[in-house]
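Protein chains in written order, with this note's numbering: chain A, 335 to 445; chain B, 236 to 347. Quick reminder that beta carbons are idealized off the backbone N, C-alpha and C, glycines included. Keep in mind that this is a model prediction, so the values were computed, not measured. Here is the structure we will look at.
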Amino acid sequence: GAGVSQSPSNKVTEKGKDVELRCDPISGHTALYWYRQSLGQGLEFLIYFQGNSAPDKSGLPSDRFSAERTGGSVSTLTIQRTQQEDSAVYLCASSLRGEAFFGQGTRLTVV
Amino acid sequence: ILNVEQSPQSLHVQEGDSTNFTCSFPSSNFYALHWYRWETAKSPEALFVMTLNGDEKKKGRISATLNTKEGYSYLYIKGSQPEDSATYLCAFWWNYGQNFVFGPGTRLSVLP
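So this is what it looks like as structure tokens:
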């Protein structure tokens with residue numbers, strides 16, 4: 335595709351359910367990033383991929399969060415047993431040679 | 236992950252006020268500093284790409300400066316308008332442009 339695609343754009347889930355958020359980066363972009371912004375908070379780094387490996391997972395807030403990237407392309411961020419504090423906009427970006435491209439974010443609401 | 240800071244965290248100004256924000260970043264391994272404007276449910280919009288110490292960029296009422304030696308960049312908005320309300324993000328690029336890290340952003344609200 336022409337840009338970074340994230341799906342779903344909006345997700346409402348019940349507390350305790352698992353959710354999967356998807357990011358489809360620009361073809362050929364080796365670096366992929368996940369960030370989130372909770373209501374009233376700053377943008378928070380979650381995880382970064384170089385190819386299929388994640389050199390930096392330091393931002394994942396708990397062991398309920400995991401992410402993978404397959405084929406150097408699509409990435410999935412999984413949140414298990416969602417809690418209300420997981421409600422946020424989750425933003426994905428991919429980059430190559432000093433230029434980044436962004437998805438439109440997934441707004442996750444845990445009720 | 237490298238530490239990039241932005242201040243203030245949030246800002247409320249009246250229409251017509253001028254304002255400025257700060258982005259602080261490591262002074263080593265610098266490649267570039269990007270500024271973005273982000274409205275929720277949209278992709279961040281690139282404002283400026285800054286690469287050289289002393290760079291000054293301007294787009295309409297918005298301008299930015301860069302000091303790579305001391306590790307900071309300022310973003311200025313002159314005569315703020317309600318449509319300027321957004322989160323302003325800086326992104327520090329390092330490792331020869333291979334990687335970047337965002338600051339947490341400054342959330343600007345311009346009241347009519």
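So what does DSSP say about residue i, is it helix, strand or coil?
{"i": "E433 (chain A)", "result": "strand"}
{"i": "N330 (chain B)", "result": "helix"}
{"i": "P317 (chain B)", "result": "helix"}
{"i": "Q349 (chain B)", "result": "Past the edges of chain B, shown from 236 to 347, lies residue 349 (chain B), and the structure says nothing about it."}
{"i": "E419 (chain A)", "result": "helix"}
{"i": "S428 (chain A)", "result": "strand"}
{"i": "K294 (chain B)", "result": "strand"}
{"i": "Q438 (chain A)", "result": "coil"}
{"i": "V353 (chain A)", "result": "strand"}
{"i": "A276 (chain B)", "result": "coil"}
{"i": "H247 (chain B)", "result": "strand"}
{"i": "F265 (chain B)", "result": "strand"}
Among residues of its own chain, excluding the 5 on either side of residue i, which ones have a beta-carbon nearer than 6 Å to its beta-carbon?
{"i": "E354 (chain A)", "result": "T410 and T412"}
{"i": "W270 (chain B)", "result": "L282, F283, A299, L310 and C325"}
{"i": "F335 (chain B)", "result": "A326 and W328"}
{"i": "R356 (chain A)", "result": "S341 and T410"}
{"i": "Y450 (chain A)", "result": "A question about residue 450 (chain A) goes unanswered here, because the residues of chain A that appear run from 335 up to 445."}
{"i": "V423 (chain A)", "result": "Q371, G439 and R441"}
Can you name, in chain order, every residue of its own chain whose Cβ lies under 7 Å from the Cβ of residue i, other than the five neighbours on each side?
{"i": "A321 (chain B)", "result": "R272, W273, E274 and L343"}
{"i": "G385 (chain A)", "result": "T364 and G406"}
{"i": "V345 (chain B)", "result": "V248, E250, S315, Q316, P317, D319 and S320"}
{"i": "L377 (chain A)", "result": "Y369 and Q371"}
{"i": "Q414 (chain A)", "result": "D352 and R398"}
{"i": "G337 (chain A)", "result": "I360 and F435"}
{"i": "Q241 (chain B)", "result": "F256, T257, C258, C325, G338, P339, G340 and T341"}
Report buried or exposed for residue i, applying the criterion of at least 16 other Cβ atoms within 10 angstroms of its Cβ.
{"i": "Q340 (chain A)", "result": "buried"}
{"i": "D420 (chain A)", "result": "buried"}
{"i": "Q418 (chain A)", "result": "exposed"}
{"i": "L287 (chain B)", "result": "exposed"}
{"i": "G340 (chain B)", "result": "buried"}
{"i": "A388 (chain A)", "result": "buried"}
Could one say the Cβ of residue i lies closer than 8 Å to chain B's Cβ atoms, at least one of them?
{"i": "G335 (chain A)", "result": "In this prediction, G335 (chain A) has a pLDDT of 49, which is less than 50 and means its spatial position is unreliable; what the coordinates show is noted afterwards. No, its Cβ sits nowhere closer than 8 Å to a Cβ of chain B."}
{"i": "F379 (chain A)", "result": "yes"}
{"i": "S429 (chain A)", "result": "yes"}
{"i": "F436 (chain A)", "result": "yes"}
{"i": "A388 (chain A)", "result": "no"}
{"i": "A422 (chain A)", "result": "no"}
{"i": "G362 (chain A)", "result": "no"}
{"i": "A401 (chain A)", "result": "no"}
Using a beta-carbon distance below 8 Å, is residue i in contact with chain A?
{"i": "S278 (chain B)", "result": "yes"}
Comparing alpha-carbon positions, which option in the options lies nearest residue i?
{"i": "S245 (chain B)", "options": "A:D358, A:G374, A:G362 and A:K345", "result": "A:G374"}
{"i": "T254 (chain B)", "options": "B:Y323, B:Q333, B:K277 and B:A276", "result": "B:Y323"}
{"i": "L301 (chain B)", "options": "B:T257, B:S278 and B:P279", "result": "B:T257"}
Which same chain residues, not among the five before or five after residue i, have their C-beta less than 8 Å away from its C-beta?
{"i": "N330 (chain B)", "result": "N264 and Y266"}
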